[in-house]
Amino acid sequence: MEQQDFDCSDAQYALFKSKLVPTILQEEWLRKAHSLAKRIIRQENTKVFKKHRKKLIDTIKAWTESDQMYTCRFGLRMLMIHYLDDDFLSEYLEIPASIRSKDYYVQKMIAWYFATALAKQWEPLFHY
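Under the numbering used here, the first residue of the sequence shown carries the number 461, and numbering increases by one thereafter.
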């Protein structure tokens with residue numbers, strides 16, 4: 461876009477170019493990042509993760525310790541999907557219980573984890 465495409469002063473055009481264009485580009489980048497994250501989340505239950513569960517738990521612990529909201533949330537979701545059935549250990553309950561976050565989405569994921577854990581692992585969780 462060139463200045464002649466707009467009916468504005470040099471100062472207004474400079475402001476537009478310095479403020480609005482980077483904002484538009486940033487929003488486009490965020491949209492693409494969100495799309496990629498959605499694709500990754502849809503693939504979270506793949507055979508690769510099932511094959512390497514012993515290695516995965518260490519990675520999940522690192523993800524849940526992250527101060528990045530979506531990284532922590534993703535780690536909790538992976539813990540819920542892969543470690544509430546056959547590979548469940550009561551020590552895994554300490555992972556979400558130890559998280560101290562004020563982020564809404566992290567708190568929501570912790571609640572979702574414990575609600576699902578109650579349905580799948582009543583006895584160990586009830587005594588927890």
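Think of the CB as a built atom: it goes at the ideal place given N, C-alpha and C, for glycine as much as any other residue.
Residue i, DSSP secondary structure in three states
{"i": "residue 518", "result": "helix"}
{"i": "residue 551", "result": "helix"}
{"i": "residue 562", "result": "coil"}
{"i": "residue 525", "result": "coil"}
{"i": "residue 543", "result": "coil"}
{"i": "residue 512", "result": "coil"}
{"i": "residue 567", "result": "helix"}
{"i": "residue 579", "result": "helix"}
CA-to-CA distance, residue j to residue i, given in whole angstroms
{"i": "residue 522", "j": "residue 532", "result": "8 Å"}
{"i": "residue 586", "j": "residue 513", "result": "25 Å"}
{"i": "residue 580", "j": "residue 562", "result": "27 Å"}
{"i": "residue 545", "j": "residue 526", "result": "25 Å"}
{"i": "residue 555", "j": "residue 524", "result": "7 Å"}
{"i": "residue 550", "j": "residue 538", "result": "16 Å"}
{"i": "residue 509", "j": "residue 583", "result": "26 Å"}
{"i": "residue 511", "j": "residue 553", "result": "22 Å"}
Residues near residue i by beta carbon distance below 8 Å, same chain, minus five either side
{"i": "residue 529", "result": "561, 563, 565 and 566"}
{"i": "residue 515", "result": "none"}
Same chain only: Cβ atoms within 6 Å of residue i, ignoring 5 sequence neighbours per side
{"i": "residue 540", "result": "573 and 576"}
{"i": "residue 578", "result": "585"}
{"i": "residue 543", "result": "552"}
Under 7 Å between C-beta atoms of residue i and residue j
{"i": "residue 535", "j": "residue 517", "result": "no"}
Cut-off 7 Å between Cβ atoms - residues of its own chain near residue i, not counting five sequence neighbours on either side
{"i": "residue 570", "result": "536, 556 and 559"}
{"i": "residue 547", "result": "513"}
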